[in-house]
Amino acid sequence: MESVELKPAPDDGVLPDGFYVTSNKRTWIILNGEKIEVKNVRMDCCIVVDPVKKEAYSLEPRKVKKGMLVVVGEKGVIEEEPGFRFMTSPVSTERPTYLVIRETAEELINVKRRGGRVFVAAGPAVIHSGGRDALAELVRMGYVDVLVVGNGFAVHDLEASIFGTSLGVSLRDGKYVHHATHVWTINKINSCGSIAKAVELGIVRDGVLYECIKRGVKYIIVGSIRDDGPLKDTITDMVKAQDVIREEIVKGVDLVLVLATMLLGIGICNMLPYHVKVVFVDINPAVIARVYDRGSTQIRGVVTDVGLFLRELVRVLREYNG
C-alpha cells in the first residue's frame, strides 16, 4: 500500500485543502512502508504525523499549528471495519427495559472489576424525575469515575439539597414551592466561592455533587447560553469545556452512561473512539436515533424514564453485590 500524503498546515488552525477527516474507528496510516496506528482517534479531526518519531495522532483542527504535517487524501489510510458490538440494536423499544438494565449492571461490574473507567453524562431531568438519590448512590458505590453535567443539573441537584425542590417544585410531594429557589441556590453557592466549599461548610449535605466531592470523583460542569447564574464552578468557555472532557477521555474510558441529555450526549459521543461502549437513556426515541445517525453507532439506546432506569439499575447492582 502506498504511503500517506503529508502537507504542512499553512497557518495556526488552518489545514491544507483535502485533509483527511477522521471517523471514530480505529485507524492506521502507512508511512514509508510501515503501518502506524493513529493515537487518540475521534471523529471529525485531522491526522497529524511526526515522521521522525514515527507517530500519528488525531487532532482537533483548532489545535493545529503552522507547519504541522497533516494527512491529505485517503491514500495510505486504513480504518478498522466494525465487528462485534456491545449490544445489537441502537434503540431498545422492543426488548423489556429490565433486561437492558440488567445487562448494563453486569457491564458496570465487569468494567470496574478489570480496573476500567465509567463516565456519566446527566441532564436536569435526572433531578426532576426523582433519579437524584439513585445517581448519588451510583457514585457512592464506586461506579462513576467522571461526571459530566450542565449548569442546570448542578443547580437543581444543589437546590434539592438546600430547599428540597427542583425548579421550585417539591421533590417530596410534587407541590409548587417558589419560582426563585434555583436562583437563590446559585447565589448561596456562589457566595461560598465553590460547590466544594459549600459542602465543607455544611450548606450542601447530600446529592450527586456532594457524593462526588466526598469521594474525589471528577466532575465537569459545562455551561450553555440558557444558564441562570451560572455557578462559579461552571466552565462557560465551550472550547475549554471540550478540552477538559477530552483530557479525561484520553486518560481512558470503557463505558459511558448518557442520562437524558441530548446536548452533552452528542458532544461526548463525538469525542469517543468507536470501541467505547455507550448506554444512552432518554424518554424520546428520536433523540437516540439522532445520535446514532450522527455516526455514534456503538450506542445502545434505552427508551424509558431516566428516574425509573436509575432506581432499577441501583437495585440490580445491590442484588448482584449481595
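For the sequence shown, my numbering assigns the number 142 to the initial residue and increments by one for each residue that follows. Note that the Cβ used here is the ideal one computed from N, Cα and C, for glycine as well. In this text the structure is predicted, and so the values were computed from the model without any measurement.
Considering Cα atoms alone, identify which of the options is closest to residue i.
{"i": "Asp374", "options": "Cys410, Ala337, Arg356", "result": "Ala337"}
{"i": "Gly442", "options": "Val399, Leu449, Gly348", "result": "Val399"}
{"i": "Leu308", "options": "Tyr284, His269, Asn328, Val289", "result": "His269"}
{"i": "Val261", "options": "Lys418, Ile429, Val212", "result": "Lys418"}
{"i": "Asp152", "options": "Phe450, Lys207, Gly217", "result": "Lys207"}
{"i": "Lys195", "options": "Met209, Met184, Cys186, Ile177", "result": "Ile177"}
{"i": "Leu405", "options": "Ile330, Ile386, Leu276", "result": "Ile386"}
{"i": "Val363", "options": "Thr306, Phe304, Val296, Val310", "result": "Val296"}
{"i": "Glu143", "options": "Leu458, Lys216, Thr402, Met209", "result": "Lys216"}
{"i": "His416", "options": "Ala150, Ser164, Val145", "result": "Ser164"}
{"i": "Asn173", "options": "Val145, Leu200, Arg346", "result": "Val145"}
{"i": "Glu453", "options": "Asn181, Leu276, Pro192", "result": "Leu276"}
{"i": "Leu372", "options": "Asp298, Asp274, Glu222, Arg431", "result": "Asp298"}
{"i": "Arg273", "options": "Glu244, Asn331, Leu200, Tyr351", "result": "Tyr351"}
{"i": "Met184", "options": "Tyr461, Leu449, Thr438", "result": "Thr438"}
{"i": "Pro192", "options": "Leu342, Ala430, Pro149, Glu220", "result": "Pro149"}
{"i": "Arg356", "options": "Val340, Asp368, Arg367, Ser365", "result": "Val340"}
{"i": "Val290", "options": "Leu342, Tyr317, Gln383, Tyr461", "result": "Gln383"}
{"i": "Asn462", "options": "Val211, Val241, Leu279", "result": "Leu279"}
{"i": "Phe160", "options": "Pro202, Lys180, Asn181, Glu221", "result": "Pro202"}
{"i": "Val487", "options": "Ala430, Met379, Leu210, Glu221", "result": "Since the displayed the chain opens at 142 and closes at 463, residue 487 lies outside it and no answer follows."}
Please look up how many angstroms separate the CB atoms of residue i and residue j, rounded, as I've assumed it's under 8 Å.
{"i": "Val190", "j": "Leu147", "result": "6 Å"}
{"i": "Ile170", "j": "Ala197", "result": "5 Å"}
{"i": "Ile390", "j": "Met412", "result": "5 Å"}
{"i": "Val119", "j": "Pro157", "result": "Because residue 119 is not part of the residues shown, which for the chain are 142 to 463, the question remains open."}
{"i": "Pro414", "j": "Arg167", "result": "7 Å"}
{"i": "His323", "j": "Glu300", "result": "5 Å"}
{"i": "Val420", "j": "Val447", "result": "Wrong, their Cβ atoms sit about 11 Å apart, outside the cutoff."}
{"i": "Leu451", "j": "Val267", "result": "7 Å"}
{"i": "Gly370", "j": "Ser302", "result": "At roughly 16 Å, the Cβ-Cβ gap does not stay under 8 Å, so Gly370 and Ser302 are not in contact."}
{"i": "Leu288", "j": "Val358", "result": "6 Å"}
{"i": "Val162", "j": "Cys187", "result": "7 Å"}
{"i": "Cys410", "j": "Ile440", "result": "7 Å"}
{"i": "Thr238", "j": "Thr445", "result": "5 Å"}
{"i": "Arg243", "j": "Val457", "result": "6 Å"}
{"i": "Ile344", "j": "Cys353", "result": "About 16 Å separates the two Cβ atoms, so there is no contact after all."}
{"i": "Arg367", "j": "Ile407", "result": "So it is not a contact: roughly 16 Å between Cβ atoms."}
According to DSSP, what are the bridge partners of residue i?
{"i": "Lys418", "result": "Leu396"}
{"i": "Asp423", "result": "Val444"}
{"i": "Asp191", "result": "Glu196"}
{"i": "Pro149", "result": "Leu210"}
{"i": "Tyr360", "result": "Leu288"}
{"i": "Ile366", "result": "DSSP output for Ile366 lists no bridge partner at all."}
{"i": "Ile219", "result": "Trp169"}
{"i": "Ile376", "result": "Val363"}
Query - Ordered list of beta strand (DSSP E) runs contained in the segment 263 to 292, each at least 3 residues - result: 287 to 291
**Report entry** Those runs of the beta strand (DSSP E) which lie wholly inside the segment 153 to 179 and span at least 3 residues
**Finding:** 168 to 172
Query raised in the report: Does the count of Cβ pairs from the segment 241 to 252 and the segment 394 to 413 closer than 8 Å reach three?
Result: yes
Query raised in the report: Along the chain, which unbroken stretches of the beta strand (DSSP E) at least 3 residues long are found entirely within the segment 283 to 339?
Result: 287 to 291
Query raised in the report: How about the segment 310 to 327 and the segment 276 to 285: do they share at least three Cβ pairs that are nearer than 8 Å?
Result: no
Query raised in the report: Which ranges does the alpha helix (DSSP H) cover as unbroken runs of at least 4 residues, wholly within the segment 236 to 261, from first to last along the chain?
Result: 238 to 254
Query raised in the report: Using 8 Å as the Cβ pair cut-off and three pairs as the minimum, do the segment 288 to 303 and the segment 263 to 277 touch?
Result: yes
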